[in-house]
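Visitor: Residue numbers (my numbering): 265 to 531.
Here it is, the structure, as structure tokens.
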Amino acid sequence: MMMINRHATPDAKITLFSSLFRGREDVYPRRFESRRTGKSGYAPACANEWVRGLCDRKSVKCAECPHRRFLPVTDDVIRQHLLGQDSGGREFVVGIYPMLLDETCFLLAADFDGEQWVEDAAAVRETCRRFDVPCALERSRSGNGAHLWLFFEEALPAVLARKVGAHLLTETMERRPEIGLRSYDRCFPNQDTLPKGQLGNLIALPLQKLPRDHGNSVFLDDSMVPYADQWAFLADVRKIARSEAERIVRSAEAARGNVVGVRLVPW
265 MMMINRHATP DAKITLFSSL FRGREDVYPR RFESRRTGKS GYAPACANEW VRGLCDRKSV
325 KCAECPHRRF LPVTDDVIRQ HLLGQDSGGR EFVVGIYPML LDETCFLLAA DFDGEQWVED
385 AAAVRETCRR FDVPCALERS RSGNGAHLWL FFEEALPAVL ARKVGAHLLT ETMERRPEIG
445 LRSYDRCFPN QDTLPKGQLG NLIALPLQKL PRDHGNSVFL DDSMVPYADQ WAFLADVRKI
505 ARSEAERIVR SAEAARGNVV GVRLVPW
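This is the structure we're talking about:
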């Protein structure tokens, strides 16, 4: 664990952030919002974006475009994300594609969205503690949901990481069957394998500047209040070893005969 707090240098914060929120390094998604329609979403950052004669996003998927020149994740990308704007003063928010090309991942994130997200996310966090699984709970950009993050010491097969998540979710469901997990949406990565020619699902990165100024896109304590020092909290988060993940799955399979799969649609 790194000794970092809010008074640390920008470079130290970027190093810490990048050590936790790791996905593909050769491409990243950037958030966009149409001034005309108000529509928002994410698209792979590309050097040829909207270049006449090269970019035809309206009819060709970015991952399939013959003219794609995806931009890599760099320290400057993370710096601009944390600052909330690019060098031209435009809003800058990015995410990651958590599944690597070899179908492994450095993290798993459970997504909660809806009226019951506070209770559901808190319940899963409590389950994590019961099994000594370190986690970090982030309120989402909108303020109406959350991401529960697990970080791994090394890249784990996505199928193994998702089995860990499935076990934690199933244990939570069994502990409170009368309530359920209605706000649970999905886990990221959202697949065990990477569809050929695709980038996989993306997840937005936390600590987005504008939402952060309003108490969103930040990490929460047990009272669902943002930690006063977000960087000190992140520096104290322990990563999960592969041996721990395998032990959790073995124990779950021994108890049930198998691990219930993480559903790709809401429960």
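Note that the Cβ used here is the ideal one computed from N, Cα and C, for glycine as well.
Apply the 10 Å Cβ neighbour rule to alanine 385 and answer buried if 16 or more other Cβ atoms are within range, or exposed otherwise.
Guide: Classification for alanine 385: buried.
Visitor: Nearest-angstrom Cα distance between glutamine 380 and leucine 364?
Guide: Each residue's Cα considered, the two are about 32 Å apart.
Visitor: Going by C-alpha distance, which of Leu484, Gly353, Phe370, Cys310 is nearest isoleucine 504?
Guide: Out of Leu484, Gly353, Phe370, Cys310, Phe370 has the C-alpha closest to the C-alpha of isoleucine 504.
Visitor: In three-state terms, what does DSSP make of histidine 271?
Guide: Looking at histidine 271 - three-state DSSP - the assignment turns out to be coil, as it is neither helix nor strand.
Visitor: In the DSSP assignment, find the unbroken alpha helix (DSSP H) run with arginine 332 in it and report its ends.
Guide: Taken as a continuous stretch (DSSP letters only), arginine 332 belongs to no alpha helix (DSSP H), as it is neither H nor E.
Visitor: With DSSP as the reference, please indicate the residues paired to proline 459 in a beta bridge.
Guide: BP columns for proline 459 are empty, so no partner.
Visitor: Check whether the region 327 to 336 and the region 444 to 457 are in contact - that is, three or more C-beta pairs closer than 8 Å.
Guide: Judged by Cβ distances under 8 Å, the region 327 to 336 makes no contact with the region 444 to 457, as fewer than three pairs qualify.
Visitor: Check the C-beta distance from alanine 374 over to glycine 429 and give it rounded, since I have them as a contact under 8 Å.
Guide: About 6 Å; that satisfies the 8 Å criterion.
Visitor: List the DSSP bridge partners of threonine 368.
Guide: DSSP, once it has assigned bridges, lists Pro421 as partnering threonine 368.
Visitor: Tell me tyrosine 448's beta-bridge partners as DSSP assigns them.
Guide: DSSP lists Phe376 as partners of tyrosine 448.
Visitor: Would you report the Cα separation of arginine 405 and arginine 520, rounded to the nearest angstrom?
Guide: Taking the straight line joining both Cα atoms gives about 37 Å.
Visitor: Tell whether a beta-carbon distance below 8 Å holds between leucine 484 and leucine 414.
Guide: No, these two residues do not count as a Cβ contact at 8 Å.
Visitor: Would you tell me roughly how many angstroms separate the C-alpha atoms of arginine 502 and alanine 516, rounded to the nearest one?
Guide: Near 22 Å, if we compare the C-alpha coordinates of alanine 516 and arginine 502.
Visitor: What whole-angstrom Cβ distance do glycine 378 and glycine 409 have, given they're in contact under 8 Å?
Guide: Right, the Cβ-Cβ distance comes to about 7 Å (below 8 Å), so this counts as a contact.
Visitor: On the DSSP bridge list, what partners appear for cysteine 310?
Guide: Paired residue(s): Phe334.
Visitor: Out of Ile443, His431, Leu372, Ser283, which has the shortest C-alpha to C-alpha gap to arginine 511?
Guide: That would be His431, whose Cα lies nearest to the Cα of arginine 511.
Visitor: Given this structure, state the Cα-to-Cα distance separating arginine 321 from proline 308, to the nearest angstrom.
Guide: So the two alpha carbons sit approximately 11 Å from each other.
Visitor: Where does glutamine 472 sit, in a helix, a strand or coil, going by DSSP?
Guide: Correct three-state label for glutamine 472: coil.
Visitor: Would DSSP call alanine 410 helix, strand or coil?
Guide: It is a strand residue.
Visitor: Taking DSSP as the reference, what is the three-state secondary structure of arginine 403?
Guide: In the structure shown, arginine 403 sits in a strand (DSSP, three-state: E or B).
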